[in-house]
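What follows is a short report on a single structure.
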Amino acid sequence: MLKYMLDKVLYYFLYLPFFKKKHTYNTFKELLFDILTDVLAIILFVIFIKPARFIYREWKNYKKRKEEKKRKEEMFRNSIKIENE
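Residue numbers (this note's numbering): 9 to 93.
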């Protein structure tokens, strides 16, 4: 079921914008199942992918701040060495 929903997400965001396809449903049950899986796929996308992108972005910013802090400390140490000499 999870693989099917992930396939739906890929279908919506990769396949559908380029190759639009018309659906034909034999029964109302098929239509309802397709709509429910579409909704679940979008919910999964919002629950898992969006926060993951946010966390990755914050992690990159944290690494940048850490490197900048390290660089500033190194500059401060170098300036103290120069003053002591």
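Each residue gets a CB set at the ideal place from its N, CA and C atoms; glycine is no exception.
Cβ atoms of residue j and residue i: under 9 angstroms apart, would you say?
i     : j     : result
Asp46 : Tyr20 : yes
Leu48 : Met83 : no
Val3  : Phe53 : Since the displayed the chain opens at 9 and closes at 93, residue 3 lies outside it and no answer follows.
Reducing DSSP to helix, strand and coil, say where residue i ends up.
i     : result
Thr35 : coil
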